[in-house]
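>
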Amino acid sequence: MTQHVPFSNHPIFIGALAESLPEWLKTRNYSQVFLLADVHTDRLCRSLLPVEVAGAYTIGEHMEQALLTKVHGMEVLKTIQSCEAIWQAMFEARLDRKALVINLGGGVVGDMGGFCAATYKRGIDFVQVPTTLLAMTDAAIGGKLGVDFNSIKNAVGVFQNPAAVFIDPFFLKTLPERELRSGFAEVIKHALIGDRTLWQRIQTMLVQSLSATAWDELLEASIAVKTKIVSEDPREAGIRALLNFGHTIGHALESFFLQTEQPLTHGEAIAIGMLCESPEDTTATLAQTILRFFPHRQIPESAFPALWKLMEQDKKNTSGTVRMAVPDAEPFSMQWQVLEREEAYRRLWTYNGLNFSN
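Going from the sequence shown to this note's numbering is simple: count from 1 and add 20.
(1) Of the choices 336, 340, 372, 369, whose alpha-carbon is the least far from that of residue 356?
(2) Going by the CB atoms, is the gap between residue 202 and residue 302 shorter than 7 Å?
(3) Leaving out the 5 sequence neighbours to the left and right, which residues in its chain are closer than 7 Å to residue 98 when beta-carbon positions are compared?
(4) Quick one: give me the first and last residue of the alpha helix (DSSP H) that residue 113 is part of.
(5) How should residue 24 be labelled, buried or exposed, when 16 other C-beta atoms within 10 angstroms of its C-beta is the threshold for buried?
(6) If you follow the alpha helix (DSSP H) that residue 142 is part of, which residue opens it and which one closes it?
(7) For the 8 Å Cβ check, are there 3 or more pairs between the stretch 306-321 and the stretch 333-350?
(8) Does DSSP put residue 30 in a helix, in a strand, or in coil?
(9) So, residue 152 versus residue 126, is the Cβ gap smaller than 7 Å?
(10) Which runs of the alpha helix (DSSP H), 4 residues or longer, sit entirely within the stretch 278-312?
(11) Short of 7 Å in beta carbon distance, which residues of its chain neighbour residue 241, apart from the five on each side in sequence? Order them along the chain.
(12) Going along the chain, which residues of its own chain have a beta-carbon closer than 6 Å to the beta-carbon of residue 69, five neighbours each way excluded?
(13) Determine the contact status of residue 54 and residue 121, defining contact as a CB-CB distance below 7 Å.
(14) Would you grab the beta carbon distance between residue 51 and residue 145 for me? Rounded to a whole angstrom, and I think it's under 8 Å.
(15) Quick check on residue 52: does DSSP put it in helix, strand or coil?
(16) Just how far apart, CA to CA, sit residue 204 and residue 233?
(17) Is residue 369 buried or exposed, if buried means 16 or more other CB atoms sit within 10 Å of its CB?
(18) Inspect the beta-carbon positions of residue 262 and residue 354 and report whether they are closer than 7 Å.
(19) Once DSSP output is grouped into helix, strand and coil, what is the label at residue 23?
(20) Helix, strand or coil, according to DSSP, for residue 362 in the structure here?
(21) Starting from the C-beta of residue 71, find all residues in its chain whose C-beta is less than 7 Å away, skip the five residues before and the five after it, and write them out in chain order.
(22) Give, in chain order, every unbroken run of the beta strand (DSSP E) that is at least 3 residues long and sits entirely within the stretch 167-237.
(23) Is the beta carbon of residue 124 closer than 7 Å to that of residue 175?
See below:
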């Protein structure tokens, strides 16, 4: 059964993709369908689709003429150069302005595919079909699209809502444990900023239970936090910045380690970021739960200057001041905190000193 999540910005459907997407397409009149998938989605997710649609990425009669372009769903390839290849494929397919782009994959595919659709011929419709927990609970929702530039996360992008988002929890069965945990960091973030009941549930969960979790209720609760915030502040003029909790330091860590032989996943970086950015009187309590899901990763002090330079490029900064969006005690409330270099270093040292076992 498909659950329709109330959200004014764009429809969100949770349930079997083979039911929800064809029914929605019947209500539209698209001239062409262009399907963008990453190589992992093509290899792992195609076989999980119902037999009648698995053969050639066709979902009912509406997608028999779908055009398929594959990209590598890796953060290191979320660049303008990758977008150029996608735009080229769109032009070669002769997509017109009444075409639809379907982004089937994780957050990288959704960000790039949405950005390319939003800028192709000044914008054509696109839908997000997220296949990772990270994309389902966060990246696919809310219309923030972009690519990395000069090792800075999401430095170039636009705000553009998808025509719809289709979330099929069945895709989560394709994910390795590390990728599942990566997405779980955003579920934790949503719980901390807006849902105490969800946070209490997370505190009782075990790492081993993630792969066996019935995700429908967790997804609905996590998504409800994000949609409430985005509905109130669609273009991040105020409270939507709260969704960036953990991301000032977290994005810097992700960008830095992306250039090393041991990159962090987005969720691993944000988990560290939340511990670094949280109010000091809550850090120990948060660490007891967060470090159960995310192995402690020592941050070399030699990396601190490079990390600070990345923080200085953060999108939330104003007038050259590095800022963090930190949740207040009450759900859906926040305060801005200025982050000086010495304070950033101190918070990284504090994280390095945490010694909770996983």
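Don't be surprised by glycine CBs; every beta carbon is placed ideally from N, CA and C.
This is what the structure holds:
(1) Along the sequence shown, one-based indexing puts residue 356 at 336. Shortest Cα-Cα distance from residue 356 to any of 336, 340, 372, 369 involves 336.
(2) Along the sequence shown, one-based indexing puts residue 302 at 282. Along the sequence shown, one-based indexing puts residue 202 at 182. The Cβ atoms of residue 302 and residue 202 do not sit closer than 7 Å to each other.
(3) Residue numbering aside, residue 98 sits at position 78 when the sequence shown is read from its first letter. Within the same chain, 128, 131, 132, 167, 168 come within 7 Å of residue 98 by CB-CB distance, once the 5 residues on both sides are set aside.
(4) Counted from its first residue, the sequence shown places residue 113 at position 93. Counted as a single uninterrupted DSSP element, the stretch harbouring residue 113 is not any alpha helix (DSSP H), since DSSP gives it neither H nor E.
(5) Within the sequence shown, numbered from 1, the residue matching residue 24 stands at position 4. Classification for residue 24: exposed.
(6) Numbered from its first residue, the sequence shown carries residue 142 at position 122. Residue 142 -> no alpha helix (DSSP H), and no H or E assigned at all.
(7) Because the criterion of three Cβ pairs below 8 Å is not met, the stretch 306-321 and the stretch 333-350 do not touch.
(8) In the sequence shown, residue 30 corresponds to position 10, counting from 1. Shown here, residue 30 sits in coil according to DSSP, grouped into three states, outside any helix or strand.
(9) For the purposes of this step, residue 152 is identified with residue 132 of the sequence shown, where counting begins at 1. For the purposes of this step, residue 126 is identified with residue 106 of the sequence shown, where counting begins at 1. Their beta carbons are under 7 Å apart, which means residue 152 touches residue 126 by this criterion.
(10) Segments of the alpha helix (DSSP H) lying fully in the stretch 278-312: 286-297.
(11) Position 221 of the sequence shown, counted from the first residue, corresponds to residue 241. For residue 241, where only same-chain residues beyond five positions count, the Cβ hits under 7 Å are 215, 218.
(12) If you number the sequence shown from 1, residue 69 lands on position 49. Residue confidence for residue 69 is low, a pLDDT of 44 falling below 50, so the modelled location carries little weight; the figure read from the coordinates is stated next. The answer is none, since no qualifying residue turns up.
(13) Stepping through the sequence shown from its first residue, residue 54 is reached at position 34. Stepping through the sequence shown from its first residue, residue 121 is reached at position 101. Closer than 7 Å, so yes.
(14) Reading the sequence shown from its first residue, position 31 is the one you call residue 51. Reading the sequence shown from its first residue, position 125 is the one you call residue 145. Your pair residue 51 and residue 145 does not check out as a contact, with CB atoms roughly 11 Å apart and the cut at 8 Å.
(15) Numbered from 1 along the sequence shown, position 32 holds the residue referred to as residue 52. In this structure, residue 52 counts as coil in the three-state DSSP scheme.
(16) Here residue 204 corresponds to residue number 184 of the sequence shown, with the count starting at 1. Here residue 233 corresponds to residue number 213 of the sequence shown, with the count starting at 1. For residue 204 and residue 233, the distance between alpha carbons rounds to 11 Å.
(17) On the sequence shown, position 349 is the one that residue 369 refers to. Looking at its Cβ environment, which holds fewer than 16 other Cβ atoms inside 10 Å, residue 369 is exposed.
(18) By 1-based counting over the sequence shown, the position of residue 262 is 242. By 1-based counting over the sequence shown, the position of residue 354 is 334. Yes, the pair counts as a contact, with Cβ atoms nearer than the cut-off.
(19) By one-based count along the sequence shown, residue 23 stands at place 3. Strand, per DSSP.
(20) Looking up residue 362 in the sequence shown gives position 342. Three-state result, residue 362: helix.
(21) Here residue 71 corresponds to residue number 51 of the sequence shown, with the count starting at 1. Here residue 71 scores only 28 on pLDDT, less than 50, and its place in the model is too uncertain to base an answer on.
(22) Counting only unbroken stretches of 3 or more residues, the beta strand (DSSP E) elements lying wholly within the stretch 167-237 are 172-179, 184-187, in sequence order.
(23) Taking the first residue of the sequence shown as position 1, residue 175 is located at position 155. Taking the first residue of the sequence shown as position 1, residue 124 is located at position 104. Result no, Cβ atoms of residue 175 and residue 124 do not sit closer than 7 Å.
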